[in-house]
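For reference, the structure is listed below as structure tokens.
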Amino acid sequence: MLSRDERIFDEASEVRERMKALGSVFDSLSIFVLTKSDGGLTDRLAENVLARKISIYAVLFRLWPALLSGRLKNADVITAQDALSFISVFPIARLRGIPVELQIHTDFASPAFRAEHPWQSRLFSWAVRKTDCLRVVSKRIAATLEMKPVILPVF
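Here is the structure:
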């Protein structure tokens, strides 16, 4: 999983608890948290859930080579928590034949969001067309999409 939510490392956060719960449905879950600097922090959230801080530099020079070389060949799916994370893994995942899931946490098609964040809205629109599957946080967002997403449960 590629995320930008650093609350995963906060032991008291609900985000961390959701990641642990998500890990319960997988044999193992690796979470790479995009940060401005590569802090090198690695945190075991549960026996099978590992979170690691990683910079965009590290994505380009460590994660991409790992995907290309096949060291991550046992990955069943790569999930990206936003469109920016999606574009950082999409090209390599396609080359390796690994499906990519896009999570949508905001109504990127709303006029207010488009006016305030025009480039992000366009990026989401592109990512939705390219992704293999979608997860959204609400029925309202799901109703605006052509592809039928899975609606995330509220923990």
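Under the working numbering, the first residue of the sequence shown is numbered 1443, with each subsequent residue one higher.
No residue lacks a Cβ here, since even glycine has one placed at the ideal position from N, Cα and C.
Subject >> Identified DSSP bridge partners for F1474 >> reply: L1444 and R1494
Subject >> Residue from S1567, S1470, E1459 and S1455 with nearest C-alpha to I1546 >> reply: S1567
Original post:
Do you know whose CA, among I1450, A1525, F1451 and V1467, lies nearest S1490's CA?
Top reply: The sequence shown places Asn at residue 1490, rather than the Ser named in the question. The residue with the shortest Cα to Cα distance from N1490 is V1467.
Original post:
Going by DSSP, which residues form a beta bridge with R1564?
Top reply: Note: R1564 sits in no beta bridge, so no partner.
Original post:
With a CB to CB cut of under 7 Å and the five nearest residues on each side skipped, what residues in its chain are close to S1470?
Top reply: Cβ neighbours of S1470 beyond the five flanking positions: N1490.
Original post:
For R1582, is the classification buried or exposed, using 16 other Cβ atoms within 10 angstroms of its Cβ as the cut-off for buried?
Top reply: exposed
**OP:** Take the Cβ of T1484 as the centre, count every other Cβ of all protein chains shown within 10 Å, and call the residue buried at 16 or more, exposed below.
**Re:** exposed
Original post:
According to the neighbour-count rule (16 or more other Cβ atoms, all chains shown, within 10 Å of its Cβ), is V1578 buried or exposed?
Top reply: Per the 10 Å Cβ criterion, buried.
**OP:** State the CB to CB distance for the pair I1534 and V1519, rounded to an integer number of angstroms; the pair is presumed to be in contact (CB under 8 Å).
**Re:** The pair is not a contact, with the Cβ atoms about 14 Å apart (cut-off 8 Å).
Original post:
Is R1460 near D1524, with beta carbons less than 8 Å apart?
Top reply: Cβ distance not < 8 Å, so R1460 and D1524 don't count as in contact.
Original post:
Quick one: what's got a C-beta closer than 6 Å to A1551's C-beta in the same chain, skipping five residues either side?
Top reply: T1586
**OP:** Taking L1487 as part of the beta strand (DSSP E), name the residues at either end of that continuous run.
**Re:** T1484 to A1488
Subject >> Of the residues L1492, E1453, D1452 and A1454, the one placed nearest L1464, counting alpha carbons only >> reply: In terms of CA proximity to L1464, L1492 leads the group L1492, E1453, D1452 and A1454.
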